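So in my numbering, spot 244 of the sequence shown is number 244, and the numbers just go up one at a time.
Backbone N, C-alpha and C define an ideal beta-carbon position, used for all residues, glycine too.
Keep in mind that this is a model prediction, so the values were computed, not measured.
Single-structure report; data block below.
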Amino acid sequence: MSNPLLTPEAAQAIVLEHIQLLGMERVPLFEALGRVLAEEVPACRDSPPHDNSAMDGYALRHGDLAGASAVHPVLLEIVEDIPAGYVPQKNVGPGQASRIMTGALVPPGADTVIRVEDTRAEGGKVAILDPDEKGANIRRRGEELRAGQVVVGAGTRCGPGELAVLASLQRALVLVRRRPVLAILSTGDELVELDEPLAPGKIVNSNTYGLAALALANGALPLMLPIARDEEAQIHRAVQSALSADFILSSGGVSVGDYDYVKKVLDELGAQVKLWRVAMKPGKPLFFCTLQGKPYFGLPGNPVSSLVSFLQFVRPAIRKAAGHLPGEWFLPTATARLEHPIANEGDRRQYARARLRLEQGRLLAAAPQGQGSHMLSSMLGANGLLLLEPEARLGAGDEVQAQLFGELR
Ligand code: AMP
Ligand code: MG
């Protein structure tokens with residue numbers, strides 16, 4: 001118990017130091033959703049590729065419209081109908097106009113489009129009621145993008161907007177970072193699976209599910225391993241089977257209990273210990289090592305602790321590995337106002353599970369009473385963690401730093 005605990009920040013830095021970028025793969029566009037682009041994507045052509053109409057209306061020569069008004073309209077001869085998707089066949093000469101639809105190519109000779117609302121059809125002719133300005137309602141070739149210019153940079157996270165842009169560039173396949181595979185291993189003689197009867201002294205293995213869900217929610221692929229009993233040989237086999245993954249997460253078995261074999265097994269397998277124990281609550285008994293070059297997180301067994309530790313240490317690691325830019329590794333943090341008093345009596349920073357919500361543009365935070373690391377119900381509806389430094393005593397209305405990990409409602 002002699003060496004001082006690491007601060008959460010120091011522990012995060014140690015973890016991230018040992019995280020390498022994962023490899024790349026070419027995937028169909030839709031599979032890039034939520035992933036990080038590993039290539040620069042240039043514009044394959046100007047956008048728009050040609051001058052086209054921004055409105056339904058008439059393409060014409062602005063010089064013809066001198067003095068046009070509702071009282072003294074200018075009458076023009078209609079030479080052609082140009083629907084979107086067709087190439088104009090006729091030149092627009094003096095005294096002429098072509099009916100044009102939004103997105104359709106502007107015909108040669110025309111320099112302006114007048115909106116249909118500013119015209120009146122008169123037999124085979126059109127009366128222009130408002131001259132607008134020369135060049136009005138035309139989207140110019142290349143006004144958005146020039147051919148060759150980088151449109152989507154490497155390191156970009158592909159959301160729906162980015163996917164739409166990539167589709168517009170006809171990228172059916174894109175190069176992205178691999179999704180990290182996370183092996184998830186729960187250890188303990190007390191654990192039973194969801195479909196097993198609960199004998200006295202036993203508890204249900206909830207960590208595997210909570211951690212796997214967090215993995216999925218953060219862009220990783222969980223590899224859920226069967227429960228390993230508190231027995232050396234079994235843990236040994238389980239850890240070896242986990243080595244097929246990119247990251248290994250185990251929960252439980254890293255405390256100082258008589259049956260905590262995980263560290264012993266890792267030691268036998270040649271793991272290089274990088275950190276042990278962090279000054280935080282919940283989540284103190286965190287263990288991190290590299291095992292045959294792979295990052296291995298020995299998460300605390302307590303259900304809430306394992307989830308909070310994931311958010312603080314595993315999430316930044318998988319985001320770094322998956323190619324996210326450094327500004328996106330950590331949970332976003334904001335100042336919130338407390339809806340009730342809260343105190344941290346302990347000597348470690350507390351991460352209180354909370355509901356964050358917006359009210360009239362202000363961020364409010366409420367944390368449920370039961371904050372014990374075994375009280376899973378504190379996670380119900382929680383979308384944030386309040387950072388309470390040791391001996392903090394905060395009143396209702398006071399400001400508190402809050403990390404957001406779920407949807408803000
Ligand atoms: P340990 O770190 O193994 O001493 O476990 C600490 C506490 O977390 C004990 O109360 C365990 O029963 C509980 N625990 C360990 N693993 C799990 C799990 N997979 N699901 C739910 N609770 C667990
Ligand atoms: Mg245990």
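Count the other CB atoms, across all protein chains shown, that sit within 10 Å of the CB of I235; report buried if there are 16 or more and exposed otherwise.
On the sequence shown, position 235 is the one that residue 235 refers to. Its Cβ being crowded by 16 or more others within 10 Å, I235 is buried.
Extent of the continuous beta strand (DSSP E) run through I248:
Here residue 248 corresponds to residue number 248 of the sequence shown, with the count starting at 1. Unbroken beta strand (DSSP E) run through I248: F247 to S251.
Let me check one thing: in DSSP terms, what residues is E77 bridge-paired to?
Numbered from 1 along the sequence shown, position 77 holds the residue referred to as residue 77. Paired residue(s): Q96 and K125.
Determine contact between the segment 124 to 137 and the segment 63 to 83, defined as no fewer than three beta-carbon pairs at a distance below 8 angstroms.
yes
Please confirm if the segment 8 to 16 is in contact with the segment 282 to 297, defined as three or more CB-CB distances below 8 angstroms between the two stretches.
yes
Helix or strand or just coil, what does DSSP make of E389?
The residue given as residue 389 occupies position 389 in the sequence shown. Coil.
Delimiting residues of the beta strand (DSSP E) encompassing R353:
For the purposes of this step, residue 353 is taken as the residue at position 353 of the sequence shown. Per DSSP, R353 belongs to the beta strand (DSSP E) from R349 to E359.
Can you give the beta carbon distance from S241 to L225, rounded, assuming they're within the 8 angstroms contact cut?
Taking the sequence shown and counting its residues from 1, one reaches residue 241 at position 241. Taking the sequence shown and counting its residues from 1, one reaches residue 225 at position 225. Sure, about 6 angstroms apart at Cβ, within 8 angstroms.
How big is the Cα-Cα spacing for F405 and M55?
Position 405 of the sequence shown holds residue 405. Position 55 of the sequence shown holds residue 55. Answer to the nearest angstrom: the Cα atoms are 43 angstroms apart.
Taking DSSP's pairing of strands, which residues face N52 in a bridge?
Your numbering for residue 52 matches position 52 in the sequence shown. Per DSSP, L105 and R139.
Can you tell which of E389, Q360 and L363 has the C-alpha that lies nearest to the C-alpha of A352?
Start at 1 with the first residue of the sequence shown, and residue 352 comes out as number 352. Checked all of E389, Q360 and L363; the closest Cα to A352 is E389.
Check this for me: beta carbons of G27 and V181, under 8 angstroms apart or not?
By 1-based counting over the sequence shown, the position of residue 27 is 27. By 1-based counting over the sequence shown, the position of residue 181 is 181. Before going further, note that residue 27 is Val rather than Gly in the sequence given. Not a contact, by the Cβ cut-off of 8 angstroms.
To which residues of the same chain is G148 closer than 7 angstroms at the C-beta, ignoring the five residues directly before and after it?
In the sequence shown, residue 148 corresponds to position 148, counting from 1. P42 and A43.
Selected residue, minimal CA-CA separation from N218, among A13, G34 and Q403:
Locating residue 218 in the sequence shown gives position 218, where the first residue counts as 1. Nearest of A13, G34 and Q403 to N218, Cα basis: G34.
Check whether the segment 356 to 373 touches the segment 16 to 30, taking contact to mean three or more Cβ pairs, one atom from each stretch, closer than 8 angstroms.
no
Quick check on the DSSP output: the alpha helix (DSSP H) that includes I318 runs from which residue to which?
Stepping through the sequence shown from its first residue, residue 318 is reached at position 318. It spans R315 to A321 - the alpha helix (DSSP H) in which I318 sits, taken as one unbroken run.
Cβ of L191 within 8 angstroms of Cβ of I248?
Locating residue 191 in the sequence shown gives position 191, counting from the first residue. Locating residue 248 in the sequence shown gives position 248, counting from the first residue. For L191 and I248, no; Cβs fall outside 8 angstroms.
Could you have a look at M1 and say whether DSSP puts it in helix, strand or coil?
Counted from its first residue, the sequence shown places residue 1 at position 1. For M1, the predicted model reports a pLDDT of 49, less than 50, meaning its position is unreliable and no value from the coordinates is stated.
List, from N- to C-terminal side, the beta strand (DSSP E) runs of 3 residues or more that fit wholly inside the segment 189 to 227.
221 to 224
Would you check whether ligand 2 has a heavy atom nearer than 7 angstroms to the C-beta of Y296?
The count along the sequence shown starts at 1 and reaches residue 296 at position 296. No, the Cβ of Y296 stays beyond 7 angstroms of every heavy atom of ligand 2.
Consider the C-beta atom of P300 and the heavy atoms of ligand 1; say whether any pair is separated by less than 7 angstroms.
Locating residue 300 in the sequence shown gives position 300, counting from the first residue. At least one heavy atom of ligand 1 is nearer than 7 angstroms to the Cβ of P300, so yes.
Rank M379, D64 and E193 by C-alpha distance to the C-alpha of G93 and give the top, closest one.
Numbered from its first residue, the sequence shown carries residue 93 at position 93. Checking every option, the nearest Cα to that of G93 belongs to D64.
Tell me which residues share the same chain as L221 and place their Cβ nearer than 6 angstroms to its Cβ, disregarding the 5 neighbours each side in the sequence.
Counted from its first residue, the sequence shown places residue 221 at position 221. The answer, listed in chain order, is R179 and V181.
Would you mind working out which of A336, G323 and R139 sits nearest G397, comparing C-alpha positions?
Reading the sequence shown from its first residue, position 397 is the one you call residue 397. Of the candidates A336, G323 and R139, the one whose C-alpha sits nearest the C-alpha of G397 is A336.
Measure how close the beta-carbons of G57 and T119 come, nearest whole angstrom, since I'm counting them as under 8 angstroms.
Here the question's residue 57 lines up with position 57 in the sequence shown. Here the question's residue 119 lines up with position 119 in the sequence shown. With a Cβ gap of about 7 angstroms, G57 and T119 count as contacting.
Expressed to the nearest angstrom, what Euclidean distance is found between the alpha-carbon atoms of P303 and E25?
As a working mapping, residue 303 is identified with position 303 in the sequence shown. As a working mapping, residue 25 is identified with position 25 in the sequence shown. Between P303 and E25, the C-alpha separation is close to 35 angstroms.
Are Y259 and E232 close, meaning C-beta to C-beta below 8 angstroms?
The residue given as residue 259 occupies position 259 in the sequence shown. The residue given as residue 232 occupies position 232 in the sequence shown. No, the Cβ-Cβ distance between Y259 and E232 is not below 8 angstroms.
Taking buried to mean at least 16 other C-beta atoms within 10 Å of its own C-beta, is L408 buried or exposed?
Reading the sequence shown from its first residue, position 408 is the one you call residue 408. Exposed, because fewer than 16 other Cβ atoms sit within 10 Å of the Cβ of L408.
Below 8 angstroms between beta carbons: does that hold for Q403 and L325?
Here the question's residue 403 lines up with position 403 in the sequence shown. Here the question's residue 325 lines up with position 325 in the sequence shown. Not closer than 8 angstroms, so no.
Whole angstroms are fine: how far does the CA of V116 sit from the CA of V411?
Nothing in the structure corresponds to residue 411, since the chain is present only between 1 and 409.
Whole-angstrom C-beta distance between V400 and A343, which should lie under 8 angstroms:
Position 343 of the sequence shown, counted from the first residue, corresponds to residue 343. Position 400 of the sequence shown, counted from the first residue, corresponds to residue 400. Contact doesn't hold; Cβ gap of about 11 angstroms is too wide.
Start-to-end residues for the beta strand (DSSP E) that takes in E399:
The residue given as residue 399 occupies position 399 in the sequence shown. Its beta strand (DSSP E) spans residues E399 to L404.
Bounding residues of the alpha helix (DSSP H) (the contiguous stretch that carries P303):
Here the question's residue 303 lines up with position 303 in the sequence shown. Run containing P303: P303 to S309, per the alpha helix (DSSP H) assignment.
Under the rule that 16 or more other beta-carbon atoms within 10 Å means buried, what is G253, buried or exposed?
The sequence position of residue 253 within the sequence shown is 253, counting from 1. With 16 or more Cβ atoms within 10 Å of its Cβ, G253 is classed as buried.
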